[in-house]
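Numbering (the UniProt record's numbering), first residue to last: 1 to 200.
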């Protein structure tokens, strides 16, 4: 089974960047990469498929060491990330992930993002939040790599989700909105690489 190259997934949302354009998104991702390695889920579903394809090409050109995973693609890709009820592509990519929430089954995918773990500024009122208990139950039930999504912005929360069984974390707004996205990435990647001490 394939798995994303890194335990940090950065989800894009150009509308949350300072200028709000695809060009601003590319610059924000490039600035974030200075802070450490991550895999990138290119969302931007409001864009037509050809514009997302061009954006994926530009990101890969500017950051050749960053794995680009395309959300709900409209063209063949090597790695894709599906929304909760999207169908698997006819020609299965090398890596397939899916966004799921409480009680949903992911189907035949390689990994999932599971949300919302905590309250998040990106989607105020979105919930109910799962917390570490809900995340722990999901990790036990799914038995594939689970990335904790929503509100996982501090080192303390990263550690808490890892203790709950998460393979990694997925972050969108905290990085898209940051004045210093590299510092956010650095903080999260440090927490992901630190040893986890058992509680109790």
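All C-beta atoms in this analysis are idealised placements derived from N, C-alpha and C, irrespective of residue type, glycine included.
All of these numbers come straight from a predicted model, not from anything done at the bench.
Chain-order list of residues whose beta-carbon lies under 6 Å from that of residue i (same chain, five-residue window excluded)
i	result
residue 145	3, 111 and 167
residue 222	The structure shown does not extend to residue 222, since the chain is modelled only from 1 to 200, so the question has no answer here.
Beta-carbon separation (whole angstroms), residue i vs residue j, contact threshold 8 Å
i	j	result
residue 11	residue 39	No, residue 11 and residue 39 are not in contact; Cβ-Cβ is about 10 Å, not under 8 Å.
residue 35	residue 182	3 Å
residue 74	residue 121	The Cβ separation is near 29 Å, so there is no contact.
residue 117	residue 97	That pair is no contact at about 16 Å.
Element boundaries [beta strand (DSSP E), containing residue i]
i	result
residue 43	It is not in any beta strand (DSSP E) - residue 43 carries neither H nor E in the DSSP assignment.
residue 79	79 to 82
residue 168	168 to 171
As assigned by DSSP and simplified to three states, the class of residue i
i	result
residue 197	coil
residue 97	strand
residue 52	helix
residue 175	helix
residue 59	helix
residue 88	coil
residue 201	Examination of residue 201 is not possible in this model, given that the chain is present from 1 through 200 alone.
residue 135	helix
residue 182	helix
residue 155	helix
residue 148	strand
residue 15	helix
residue 191	helix
residue 105	coil
Proximal residues to residue i (C-beta, below 7 Å), its chain only, five neighbours per side dropped
i	result
residue 94	2, 78 and 79
residue 202	The requested residue 202 does not occur in the structure, where the chain is confined to residues 1 to 200.
residue 104	84
residue 58	26
residue 137	none
residue 14	20, 21, 22, 24, 25 and 44
residue 30	62 and 63
Bridge partners - residue i, DSSP secondary structure assignment
i	result
residue 71	81
residue 25	In DSSP, residue 25 forms no bridge with anything.
residue 8	169
Any C-beta of chain C under 7 Å from that of residue i
i	result
residue 93	Here chain C cannot be found, since the structure has a single protein chain.
Sequence-distant residues of its chain with Cβ nearer than 8 Å to residue i (five each side left out)
i	result
residue 184	32, 35, 153, 171, 174, 175 and 178
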